[in-house]
Each structure stands twice: as C-alpha cells, then as structure tokens.
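The block underneath contains the structure these notes are about, expressed in structure tokens.
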Amino acid sequence: GIGMLYFQDLMPGQAGSATTLYTNTTRVGWIIAGSMAGIVAEIWSYHTVFWIALVMCTLTIACLVRIKDV
Numbered sequence: 009g010i011g012m013l014y015f016q017d018l019m020p021g022q023a024g025s026a027t028t029l030y031t032n033t034t035r036v037g038w039i040i041a042g043s044m045a046g047i048v049a050e051i052w053s054y055h056t057v058f059w060i061a062l063v064m065c066t067l068t069i070a071c072l073v074r075i076k077d078v
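Residue 55 in my numbering sits at position 47 of the sequence shown, with consecutive numbering throughout.
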C-alpha cells in the first residue's frame, strides 16, 4: 500500500530493505497494539483505548509533518 511506497521513498535504492522493514514493523505493531489495547481496556475502559489512539494519531501526524518531503 501507500505505507510501503512511503518507506521505499525514504530509502531510495534500498527497495528490498524498505519493504522488509515495513512488513516487520507492521507485524510487530499489531502485536504490541493488541496487547496494549487489552491492558488499557482492562485497567480503564474501551473508551480510553480510543482516546489514546486519537492522541497517537495526532502525534504521528506531527512526526510525519517534520519528516523530510518525499
């Protein structure tokens, strides 16, 4: 998808490495996100999971804005 193309643009001339990095970080992200969502929902509530996701999306957009233009 678009995420993979973004990684490949950030690493010109290393398409294979960029694809592998994207694939591996996506899988690790699923594992960590599922565990953290379960822990947060257990301690607080599922509503808190969505608020945390909103904050993380906002931080992600801020980081993407600061990364060099591709």
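Heads up, the beta-carbon is just placed ideally off N, CA and C, and yes, glycines get one too.
Note that the structure is a prediction, hence the values are computed from the model and not measured.
beta-carbon T66 near the ligand NAP non-hydrogen atom, thresh 7 Å: Absence of the ligand NAP is noted for the structure shown, with no ligands found whatsoever.
Q16 classed as buried or exposed, judged by whether at least 16 other C-beta atoms fall within 10 angstroms: Q16 should be labelled buried.
N- and C-terminal bounds of the alpha helix (DSSP H) containing G37: Counting along the chain, the alpha helix (DSSP H) containing G37 begins and ends at A23 to I51.
Local Cβ density within 10 Å of A61, reported as buried at 16 or more and exposed below that: With fewer than 16 Cβ atoms within 10 Å of its Cβ, A61 is classed as exposed.
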